[in-house]
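Engineer: Take the sequence shown: its letter number 78 is residue 97 in my numbering, and every next letter is one higher. Here a beta-carbon is modelled for each residue, glycine too, at the ideal position from N, C-alpha and C.
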Amino acid sequence: DAKRIEAMAEDKGVEGTGKQGRGPVYRQRMGELNLLQNAYKIADERARDAQKRLSATETRLAAIDRELANIDGDLAKFKGEAETAQQRIELAKDTASEDVGQRLDPSRLVPSFDRAIAEFREKPSSEQLASIQSLCGDIYTALQDTPETKSQLQNLSCDPKRTSDAASNLFALQAGIKQFAATCSGGDKLVANRNADELFAFARRCLQDSGLPSADTDALRNKINQVELARDDKAHRFVVTWNAFNDGNRLAYLALAIAIAIDSLIFMSGLFGANAVRSPLSDVPTFKARSAAQLEATINAALGPHPHETAWLTLHALRPMTYTDGFSAICDLSTMDRTTAGRVRMVLTAGADIGAVETISHDPECYRVRSELREYLSTVCSKHFNTDATAKEKAQLQKLVGAALEPHPREHADIVLHSLEPIRETEGFTSIVTLGEVKDPYELRVVRRVLNAGATVGAVAPDKNVDDRYCIRPVLYETLLTILAGSQPSPQYAIERGFVLEDRTRSVIDGGRLNEATAELPLEQQPQRLERPQAKLAEMSQEQIDQWQVYCRQELLGSINLDIETVDQRLQSQAARSAIMQAYKSLLAVSYSNANLANYLDTFQKEQGQVLDDAIQRLYIEAGESNTKRQIVDLVQNRMEEDHAHYMLFPESGMISYLIEELERAATPDDGLLQEEQQLLEQLKYVRDGLYELDLADPTSWAEINQRLAPRKPQRYPGYVQKPAPRNRQS
20 DAKRIEAMAE
30 DKGVEGTGKQ
40 GRGPVYRQRM
50 GELNLLQNAY
60 KIADERARDA
70 QKRLSATETR
80 LAAIDRELAN
90 IDGDLAKFKG
100 EAETAQQRIE
110 LAKDTASEDV
120 GQRLDPSRLV
130 PSFDRAIAEF
140 REKPSSEQLA
150 SIQSLCGDIY
160 TALQDTPETK
170 SQLQNLSCDP
180 KRTSDAASNL
190 FALQAGIKQF
200 AATCSGGDKL
210 VANRNADELF
220 AFARRCLQDS
230 GLPSADTDAL
240 RNKINQVELA
250 RDDKAHRFVV
260 TWNAFNDGNR
270 LAYLALAIAI
280 AIDSLIFMSG
290 LFGANAVRSP
300 LSDVPTFKAR
310 SAAQLEATIN
320 AALGPHPHET
330 AWLTLHALRP
340 MTYTDGFSAI
350 CDLSTMDRTT
360 AGRVRMVLTA
370 GADIGAVETI
380 SHDPECYRVR
390 SELREYLSTV
400 CSKHFNTDAT
410 AKEKAQLQKL
420 VGAALEPHPR
430 EHADIVLHSL
440 EPIRETEGFT
450 SIVTLGEVKD
460 PYELRVVRRV
470 LNAGATVGAV
480 APDKNVDDRY
490 CIRPVLYETL
500 LTILAGSQPS
510 PQYAIERGFV
520 LEDRTRSVID
530 GGRLNEATAE
540 LPLEQQPQRL
550 ERPQAKLAEM
560 SQEQIDQWQV
570 YCRQELLGSI
580 NLDIETVDQR
590 LQSQAARSAI
600 MQAYKSLLAV
610 SYSNANLANY
620 LDTFQKEQGQ
630 VLDDAIQRLY
640 IEAGESNTKR
650 QIVDLVQNRM
660 EEDHAHYMLF
670 PESGMISYLI
680 EELERAATPD
690 DGLLQEEQQL
700 LEQLKYVRDG
710 LYELDLADPT
720 SWAEINQRLA
730 PRKPQRYPGY
740 VQKPAPRNRQ
750 S
């Protein structure tokens, strides 16, 4: 207690160094307190061992006392026999030495014998037994010396053996009762036993001291052993439950009812829910036994990094046919473009491995597909639509933009992409387009159609400050890039584009003069404009674009110790995103009340921003002169900037650990922290423990983190940046 008080005084700044906080002196006092506590535990263990040895010794002494009581009984028996023999000897001497008549009067001895028997029955003792044996011998001698009664001694005997044997047990029981009353009787004897083990040892010791017969002793000892084995800390769980039922415990009946209900639910789930997890692919007839997981893994691997898109393309490529031998659809790859045909072909090849796809002999590019494969692909698409809240919006946007880009989607998408200018992320917008800068009427018409299509789903919004300028969200840019990469060049585009230019630049043809006309100003001849040179995009398939996009994202996330799988799992729902952002805002609110924490947070953001800038520069170098790759880098960068604030609290980023280390390092020069800084340090450690213990994919876990980050005494520091600075963009 003295060490604990000294440590408390050092913590409060009352004694010792006089500084408030848990510095080195406080840690020294706590170390001494832990040392004393450990020494106390060791001494306590030694005392317990000594107590066990003392209990064993007391048990042995009780056994010795019982043996002594038995010996006293035997000794009393032998003493009575010796006194009887001595009385016979004296009686024989008197009879031999005197010739006088009979000395003993049987008429007086019989009442004395009856009184001795009554006294022995009332209070048995070894002295009373010896007196009875002496009187019996006197009566026997008197009857034997009288001729008239000598014939009646045939059925009489005063042999004390049987009497002594029967009385020895009684005397031993009396000695045991005395010992039991001295050591076991009374409630004060139970108070000294502090736990169950001591109580059972006390019961065994009292049983030994009681001096009961061996049969009774064994029966009672067995009952004590059974009670000890039925203890909750030693007995089997079934025995504990059975004891609770015997005691009429209502909680035991409630637990039984709950257990029966749960077991019934499990049984019903197994009975009726077996088909719920059964895959449609399990119905495909095959010669090789495969589990449902193996069949689905084969198809999932063929679906690639974007399974729902590939499954949707495959479903669109299927054409109905008459149901024959389980086949219900036909897929003709010869009518598709090269990129789409390649993705669908991978799915059909995997389906052929499991027996769900067969080729039609007369056409090698035409296949028939079983209904089980179509059902599974429909399930993949349905799961994506149910889990991704933005899937329907993206599909609607792609449909509208695709219609706006007709009849030349590739060329028109290229025109719109080249008219977009990147900006820093502002309210979710990452690109802008100024219609006044699009001089070509043909291009202006294409851009305007796409903007109108994007505005219907909220992907485009007009700039509030500049007229004729529109802000673009990343989803529209991604849609345009996907259409550009997945579409084929249109051979009619150049012809139609030339017709438009020719109609616009064609001069008036002189057809002669019909009559005099007044002089008019000559028609202004507009020189034919040369078409702006377009940057040639590297030919990349959709699979290559997806791979490059995944690679760029993994490189950027890997630079801050994250990976795609972890990020997608934690940010898959809008509720999780909102909860993470709310927790990050709570951390900013905490930093407002401490200038040091605000500086540490700003320093960490700048260092992490520099790391991301370096990673982006490396990706630009790897992209080389490929505009498509550079555009994908910009797209991934925009997405990274949009979600960067969500990554800050992830334990892999190390921000919370960095803040804790900086606060602890600040305590080194003056050997301690201020009280509010110590509270802040403990609060951050509490948050760090939660980040490693809770399920970060669950929004409720982030709500718990937000509670742990609840600010105390909020104070705002001017000039502090609340959001992470966006990355520098290479033009």
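So M365 and A321 are supposed to be a Cβ contact under 8 Å. How far apart are they, rounded?
Structural biologist: 4 Å
Engineer: Quick one: using the 10 Å Cβ neighbour count with 16 as the cut-off for buried, is T378 buried or exposed?
Structural biologist: exposed
Engineer: What is the DSSP secondary structure of S347, counted as helix, strand or coil?
Structural biologist: strand
Engineer: Do G32 and Q39 come within 8 Å of each other at the CB atom, strictly closer than that value?
Structural biologist: yes
Engineer: Report yes or no: do three or more beta-carbon pairs, one from the stretch 649–667 and one from the stretch 593–600, lie closer than 8 Å?
Structural biologist: Yes: the two stretches touch, three or more of their Cβ pairs being nearer than 8 Å.
Engineer: With a threshold of 8 Å on Cβ separation, who are the neighbours of R223 within its own chain once the five nearest residues in sequence on each side are excluded?
Structural biologist: T78, R240, I243
Engineer: Pair every Cβ in the stretch 408–421 with every Cβ in the stretch 491–504, then say whether three or more of these pairs are closer than 8 Å.
Structural biologist: yes
Engineer: Residues in the same chain with beta-carbon distance under 8 Å from A26, minus the five sequence neighbours each way, listed in chain order, please.
Structural biologist: Y45, R48, M49, L52
Engineer: Under 7 Å Cβ to Cβ from P670, same chain only, skipping five residues before and after it: list those, please.
Structural biologist: Excluding residues within five positions, the ones whose Cβ falls inside 7 Å are L710, Y711.
Engineer: Any idea if Q152 is buried or exposed, counting beta-carbon neighbours within 10 angstroms, 16 or more meaning buried?
Structural biologist: Around the C-beta of Q152, 16 or more other C-beta atoms lie within 10 Å, and the residue is accordingly described as buried.
Engineer: Suppose the cutoff is 8 Å on Cβ atoms and the five residues either side in sequence are ignored; what does the same chain contact list for I434 look like?
Structural biologist: E462, V465, V466
Engineer: Answer yes if the stretch 471–488 comes into contact with the stretch 396–411, meaning at least three C-beta pairs across the two stretches below 8 Å, and no otherwise.
Structural biologist: No, the stretch 396–411 does not touch the stretch 471–488.
Engineer: CA-CA distance, I83 and Q245?
Structural biologist: 26 Å
Engineer: Does DSSP put R41 in a helix, in a strand, or in coil?
Structural biologist: The three-state secondary structure of R41, taken from DSSP, is coil.
Engineer: Any chance the stretch 489–498 sits against the stretch 440–453, with 3 or more Cβ pairs inside 8 Å?
Structural biologist: yes
Engineer: Taking the alpha-carbon positions, what's the L638 to E661 distance?
Structural biologist: 19 Å
Engineer: Report the residue ranges of all alpha helix (DSSP H) runs contained in full by the stretch 647–731; include only those spanning at least 4 residues, in chain order.
Structural biologist: 674–685, 694–712, 718–727
Engineer: Tell me the rounded alpha-carbon separation between V119 and D164.
Structural biologist: At V119, the pLDDT of 41 sits below 50, so the modelled position is not reliable and the matter cannot be decided from this model.
Engineer: Could you give the distance in angstroms between the alpha-carbon of A456 and the alpha-carbon of G473?
Structural biologist: Reading off the sequence shown, one finds Glu at residue 456, where the question assumed Ala. In a straight line, the C-alpha of E456 is about 20 Å away from that of G473.
Engineer: For the stretch 712–731 and the stretch 600–618, state whether three or more C-beta atom pairs, one from each stretch, are separated by less than 8 Å.
Structural biologist: As far as the Cβ criterion goes, the stretch 712–731 touches the stretch 600–618, which means the pair count is three or higher.
Engineer: Would you decide whether M340 is buried or exposed? Buried here means 16 or more other CB atoms lie within 10 Å of its CB.
Structural biologist: exposed
Engineer: Find out if the Cβ-Cβ distance for the pair F199, C225 is shorter than 8 Å.
Structural biologist: Yes, these two residues count as a Cβ contact at 8 Å.
Engineer: Going by DSSP, what residue range makes up the alpha helix (DSSP H) through P232?
Structural biologist: No alpha helix (DSSP H) contains P232, which DSSP labels as neither H nor E.
Engineer: Buried or exposed: K60, going by 16 or more other Cβ atoms within 10 Å of its Cβ?
Structural biologist: exposed
Engineer: What residues in its chain sit with their C-beta under 6 Å from that of Y159, if we drop five residues either side in the sequence?
Structural biologist: C177
Engineer: With DSSP run on the structure shown, which of helix, strand or coil describes D30?
Structural biologist: helix
Engineer: Quick check on DSSP: helix, strand or coil for C155?
Structural biologist: helix
Engineer: Kindly confirm or deny that the stretch 615–623 and the stretch 675–682 touch, where touching means at least three C-beta pairs closer than 8 Å.
Structural biologist: yes
Engineer: Do you know offhand how far L542's Cα is from K458's?
Structural biologist: Its pLDDT being 44, under 50, L542 is placed unreliably in this model, and the value from its coordinates should be taken loosely. For L542 and K458, the distance between alpha carbons rounds to 22 Å.
Engineer: Assuming V652 and S578 are in contact, meaning their beta carbons sit under 8 Å apart, how far apart are those beta carbons, in whole angstroms?
Structural biologist: Actually they are not in contact, since the Cβ atoms of V652 and S578 sit about 14 Å apart, beyond 8 Å.
Engineer: Please name the residue, chosen from S150, A75, P143, E138, that lies closest to A104 on a Cα-to-Cα basis.
Structural biologist: S150
Engineer: Quick one: grab the DSSP three-state call for V569.
Structural biologist: Of the three classes helix, strand and coil, the one that applies to V569 here is helix, per DSSP.
Engineer: Would you list the one or two residues that DSSP bridges to C385?
Structural biologist: D351
Engineer: For L616, collect the residues of the same chain with a Cβ closer than 8 Å to its Cβ; drop the 5 residues on either side in sequence, then sort them by chain order.
Structural biologist: V609, S610, L678, L682, L699
Engineer: Going along the chain, which residues of its own chain have a beta-carbon closer than 8 Å to the beta-carbon of L703, five neighbours each way excluded?
Structural biologist: I675, L678, I679, L682
Engineer: Under the assumption that L334 contacts R393 (Cβ atoms under 8 Å), give the Cβ distance between them as a whole number of angstroms.
Structural biologist: 7 Å
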